[in-house]
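S.K.:
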Amino acid sequence: MIFLQVILIFLNAVFACAEIAVISMNDAKLAKLAEAGDKRAVRLARLTSQPARFLATIQVAITLSGFLGSAFAAENFSGLLVDWLVSLGVGINPAMLDTAAVIVITVILSYFTLIFGELVPKRLAMRKAEPLALGMSALISGIAALFSPIVWLLTVSTNGILRLLGIDPNAEDENVGEEEIRMMVDVSTEKGAIDREEKQLIQNVFEFDDLTAGEIATHRTEISMLWTEESMADWDHTIHHSRHTLYPVCEDSADNVIGILNAKDYFRLQDKSRDSVMKNAVTLPYFVPETVKADVLFRNMKHTRSKLAVVLDEYGGMTGIVTINDLVEQLVGDLDLDEEKEPPAPLIEQIDSKTWKISGLAPLEEIAQALGIALPEEAYETFSGLVFDALGTIPPDGTTAETETENLMIKVLKIQDHQVKTAVVCLKDPSYSNEKF
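Under the UniProt record's numbering, the sequence shown is numbered contiguously, ending at residue 437.
#1: With a 10 Å radius around its C-beta and 16 neighbouring C-beta atoms as the bar for buried, classify Asn-12 as buried or exposed.
#2: What would DSSP say about Leu-386, mapped onto helix, strand or coil?
#3: Expressed to the nearest angstrom, what Euclidean distance is found between the alpha-carbon atoms of Thr-221 and Met-184?
#4: Does DSSP put His-303 in a helix, in a strand, or in coil?
#5: Going by C-alpha to C-alpha distance, which of Gly-166, Thr-393, Gln-203 and Gly-160 sits closest to Ile-181?
#6: Val-288 and Pro-248: beta carbons closer than 8 Å?
#7: Could you tell me which uninterrupted alpha helix (DSSP H) segments, each at least 4 residues in length, are contained entirely in the region 352 to 434, listed from first to last along the chain?
#8: Give a yes or no on whether the C-beta atoms belonging to His-219 and Gly-320 are separated by under 8 Å.
#9: Quick one: give me the first and last residue of the beta strand (DSSP E) that Thr-319 is part of.
#10: Enumerated in chain order, which unbroken segments of the alpha helix (DSSP H) with a length of 4 residues or greater are wholly contained in the region 161 to 225?
#11: Would DSSP call Ala-100 helix, strand or coil?
#12: So Val-322 and Leu-297 are in contact, right, with Cβ under 8 Å, and what is the actual spacing, rounded?
#13: Taking the alpha carbon of Trp-152 as the point to measure from, which residue in Asp-210, Ala-56 and Leu-134 has its own alpha carbon closest?
#14: Just verifying my parser: in three-state terms, what is the DSSP assignment at Asp-255?
#15: On a CA-only basis, which of Lys-428, Ile-324, Ala-368 and Phe-10 is nearest Leu-347? Give me that one, please.
#16: Where Ala-362 and Ala-423 are concerned, what is the direct C-alpha to C-alpha distance, given to the nearest angstrom?
#17: With DSSP as the reference, identify every bridge partner of Lys-293, one or two as the case may be.
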């Protein structure tokens, strides 16, 4: 009888192991193996194509092995245990002893069944899902054929109950969404299966379609432009000293971009007259709205073979430019591998506990966070906007200025291109005054 119990626990272990192994098997890997002609994978794919039938088959096998184990144990061991207790002189009614014996035997059997018939095989199946699932595919197929009448009855009954609950049993499972993939990536990173760099790349891909051209664009104040009213010597000087590949060509205003000059085509020209350059090195500009999503822009720029897009606001004015490299860098990070290039100066640099050096391009939100104060972030985007509002005017290029706000004293060190280049900022305090500057 003990041997029979061991066999039944072993069968329970096999079925439990098969269930978890098949469920844990990677669907894409299984499909790939099946396409390659692996007969085991083909059998398994046929079974998993109907998950309800597969689960019913496994559940029938597990339930039968567990039920038979309990029945045989109660039938064969309870009488022996009662006889042994009576022989020891236990003065309890044999009927009560029989009930107690059944309970004790069930508890002991449940322990061994849980350990050796459920937990251990399931943990093993999670670790070795693919080889176990493929190795037991023939066994599972045989069981499915053997229990097919019972499985059919169970499937019909289950589907009927689901329909009564308003659930379509034949509905396709929802596809895995972005949030689920992010969670899987986080878990895999914690376990060391995915590197931090790989995780960042995957996150960049998901965030890419949330970005707009306006968020990625290089602002017009930071762009090197070529003007039609300039001489070719001026153009040549700008191209040689700024060392960019692409230049917007503007007429009268930065909002009127008439072409894009490619420096590589420019340097190939023997004749660098205005007409020759405009004909052979300048192409028509590609305009996009600042609201266009990054993934759409990337796809369109590849389709039109455009290396640079001029980003326009809702009024038709130029916001800035986006290059194909700007888009790629949103996915893979900085592509500038020039080791000799100095790193950009920080937008916000703390000098002491009360004083900071701030770039005019610094976002107000970051300034407020760094200084620990409240700033009108909704009214302005950059520090320049705040300073010019406080001044009430835009000083000429090359000049300096001093002003203050409710909680800041500001000394502008340089105005360049109608923007605050840098400024020294001091938190207002009773012990601080203009003498700080």
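From the three backbone atoms N, C-alpha and C, an ideal C-beta is built for every residue, glycine too. Predicted model only: the values in this text are computed from it and were never measured.
M.R.: Per the coordinate set shown:
#1: buried
#2: helix
#3: Their Cα atoms are separated by approximately 42 Å.
#4: helix
#5: Gln-203
#6: No; because the gap between Cβ atoms is not below 8 Å, this pair is not in contact.
#7: The region 352 to 434 is shown to contain whole alpha helix (DSSP H) runs of 4 or more residues at 364 to 371 and 383 to 391, in chain order.
#8: In contact: His-219 and Gly-320 (Cβ atoms closer than 8 Å).
#9: 318 to 323
#10: 178 to 190, 196 to 208 and 213 to 216
#11: DSSP places Ala-100 in helix when its eight states are reduced to three.
#12: Contact between Val-322 and Leu-297 holds: CB atoms are separated by about 7 Å, below the 8 Å threshold.
#13: Ala-56
#14: Looking at Asp-255 - three-state DSSP - the assignment turns out to be strand.
#15: Minimum Cα-Cα distance from Leu-347 among the listed residues Lys-428, Ile-324, Ala-368 and Phe-10 corresponds to Ala-368.
#16: 11 Å
#17: Thr-212
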